[in-house]
Each structure stands twice: as structure tokens, then as C-alpha cells.
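The structure under discussion appears below in the form of C-alpha cells.
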Amino acid sequence: MFGALGIASGIAGFFSILSKLILWAATIAVGVYVYRDANKRNMNSTLWLIIICVSWVVGAVVYLIVRDDDSAVECPNCQTVVKGNNAFCPKCGTEVKR
Numbered sequence: 626m627f628g629a630l631g632i633a634s635g636i637a638g639f640f641s642i643l644s645k646l647i648l649w650a651a652t653i654a655v656g657v658y659v660y661r662d663a664n665k666r667n668m669n670s671t672l673w674l675i676i677i678c679v680s681w682v683v684g685a686v687v688y689l690i691v692r693d694d695d696s697a698v699e700c701p702n703c704q705t706v707v708k709g710n711n712a713f714c715p716k717c718g719t720e721v722k723r
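In the numbering used here, the protein residues as written are 626 to 723.
Right under this line is the structure:
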């Protein structure tokens, strides 16, 4: 009887450690993704990494909602940032190459 409880306790301990390792690996993976993506979008990547380390689920959702649009380009004529799929600059009317 005690042998079966010992095995069950060992299996439960193994899965407890395994689940913590998976959660830790997921946190690291999300942190690396957010850091690289924020850096690519010229956002404060260190701040976003700290937010992910504190609360990675909430932080990741907030990041995905508020992150800058990466399709924005600068107008070659007036240096206005043109967001979205606009083919022309809204300020000067110059064609923007994507």
C-alpha cells in the first residue's frame, strides 16, 4: 500500500517539476519574441521585457494590442510617417514605395 503511494507521489512530483519547466520556458520564449519584435519596431524593448517577466500572459496580450504598426514608412519628400497601406503621403501627396 505504501509502495503505490510512493510511486504516485513521485509521478506527481515529476509532473509538477515538468509543468514548472514548461511555464518557465514559455515565459522565456515570449520574452525573447517581445524583446526582438519591440526592438524591430523601435519601441522600448527593455521595458516590454520587464513587463513580460512580471506578468507574461497579461503583458503579451497588452503588447500585441498596443504595439506599433510595422507597415509604416517614411515619406521620401517630407519625412512624414505614412502608416497603413497608403500609396501616397497624406501631407504632400508623394508616392510612397513599400
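Ideal placement from N, C-alpha and C gives every residue a C-beta, glycine not left out.
Bear in mind the structure is a predicted one, so any value in this text is a computation, not a measurement.
- A distance below 8 Å separates the beta carbons of residue 673 and residue 659.
- For residue 721, no alpha helix (DSSP H) encloses it, and the DSSP letter there is neither H nor E.
- In its chain, beyond the 5 residues on either side, 706 and 708 have a beta carbon closer than 6 Å to the beta carbon of residue 697.
- Buried is the label assigned to residue 714, since at least 16 other Cβ atoms lie within 10 Å of its Cβ.
- Distance from the CA atom of residue 702 to the CA atom of residue 657, rounded to whole angstroms, is 36 Å.
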